Amino acid sequence: MRGESAMTQRWTMKRARPWLALLLAAGLAGCSVGRTTSRDFARAGDSLAPGASVAVLPFENLTNHPNAGQIAADLLSTELYGLNLYRVAESSRVRNQMAAARIDSEKLTDATHAQALGRTLGADAVVIGSVSEYGYQHGLREEPVVGLNARLVRTADGVVLWASSQSAAGRGYFTRDSVNNVAQQVVARMVNGLRDAVESDAEARRSGAAEPVVPMAVPMQPTATFPTPSEPVVPLSSLGGREEPDFAPKGE
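Take the sequence shown: its letter number 61 is residue 61 in full-length UniProt numbering, and every next letter is one higher.
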């Protein structure tokens, strides 16, 4: 009888293994980001040269989360630093300069103010953007959703060198992603798109003919955009005294 019982247990476990594997796979898949939309564009033949200085400005917050704009900017700044492609201005320095010049983040939706602030910081380019979604979406179950839009603007002339719109919704049947975790993944995709655009532009230059960067992924729903500069750049005197640029050293 004991032998028959042991054989029955082994037979039961053998049959259960495929189902256990499926459950494990479903659990792992459930912990990943769910729906995503992505769209990136770059100015052909005119990317920002590696080693240039970049300042990430606080994003415009279009959500109900009180600090979504600053959170998005900090995440993007950290991801850019890890890219080891540009010298990135410290977030605290950017905020201090904004406070000294009495500029709030809402004014940065005007590219002329963003340009002037970038010049004051001694940056070759600034990243401006908006947060269209940052929180939990309620339905059959709560899931975190994040939507970001960003543009890389050259401070010398206000030309948009790169633009990106990204959104994602977390999912999980056994665990639930945090909104911050989804935001980090969205920012990582955004910065990877910038890196790909720079590498594509460099390859095109080496081949002797720069080709436009092909938009990636699928179209998104219309999101908030920034006005094209239509006024002269705001004088630096209106933004307070100029300070020496303080960028994170490349490669450290």
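Just so you know, even glycine gets a beta-carbon here, dropped at the ideal spot from N, CA and C. Since the structure is predicted, the reported quantities are computational estimates derived from the model, not experimental observations.
Take residue i and list the residues in its own chain whose beta-carbon comes closer than 6 Å to its own, dropping the five residues that flank it on each side.
| i | result |
| --- | --- |
| residue 221 | Here the model assigns residue 221 a pLDDT of 40, short of 50, so the residue's position is not dependable and the matter cannot be decided. |
| residue 91 | 74 and 77 |
| residue 70 | 58 |
Taking its Cβ as the centre, do 16 or more other Cβ atoms sit within 10 Å of residue i, making it buried, or is it exposed?
| i | result |
| --- | --- |
| residue 102 | exposed |
| residue 124 | buried |
| residue 79 | buried |
| residue 127 | buried |
| residue 159 | exposed |
| residue 51 | exposed |
| residue 60 | buried |
| residue 100 | exposed |
Would you report the Cα separation of residue i and residue j, rounded to the nearest angstrom?
| i | j | result |
| --- | --- | --- |
| residue 259 | residue 144 | Here the chain has residues from 1 to 252 only, and residue 259 is not among them. |
| residue 138 | residue 208 | 51 Å |
| residue 149 | residue 182 | 15 Å |
| residue 122 | residue 82 | 21 Å |
| residue 87 | residue 68 | 24 Å |
| residue 186 | residue 166 | 6 Å |
| residue 119 | residue 156 | 8 Å |
| residue 96 | residue 110 | 19 Å |
| residue 40 | residue 89 | 23 Å |
| residue 98 | residue 105 | 8 Å |
| residue 94 | residue 115 | 13 Å |
| residue 203 | residue 188 | 22 Å |
| residue 201 | residue 193 | 12 Å |
| residue 199 | residue 72 | 24 Å |
Thinking just about the alpha-carbon of each residue, which of the options is nearest to the one in residue i?
| i | options | result |
| --- | --- | --- |
| residue 74 | 135, 167, 130 and 43 | 130 |
| residue 48 | 104, 206, 197 and 203 | 197 |
| residue 54 | 161, 205 and 204 | 161 |
| residue 56 | 184, 117 and 43 | 117 |
| residue 191 | 63, 59, 35 and 84 | 84 |
| residue 37 | 62, 164 and 72 | 164 |
| residue 132 | 65, 203, 200 and 202 | 65 |
| residue 195 | 71, 177 and 152 | 152 |
Within the same chain, show all residues whose beta-carbon is closer than 7 Å to that of residue i, passing over the 5 residues directly before and after it, in chain order.
| i | result |
| --- | --- |
| residue 179 | 134, 135, 136, 144 and 146 |
| residue 184 | 75 |
| residue 62 | 130, 131, 132 and 224 |
What are the partner residues of residue i, as DSSP defines its beta bridges?
| i | result |
| --- | --- |
| residue 106 | Per DSSP, none; premise fails for residue 106. |
| residue 50 | Answer by DSSP bridge pairing: none, since residue 50 is not bridged. |
| residue 166 | 38 and 148 |
| residue 77 | BP columns for residue 77 are empty, so no partner. |
| residue 61 | 131 |
| residue 136 | 144 |
| residue 119 | In the DSSP output, where bridge partners are listed per residue, residue 119 has none listed. |
Apart from the five residues on each side of it in sequence, which residues of its chain come closer than 8 Å, Cβ to Cβ, to residue i?
| i | result |
| --- | --- |
| residue 205 | 45 |
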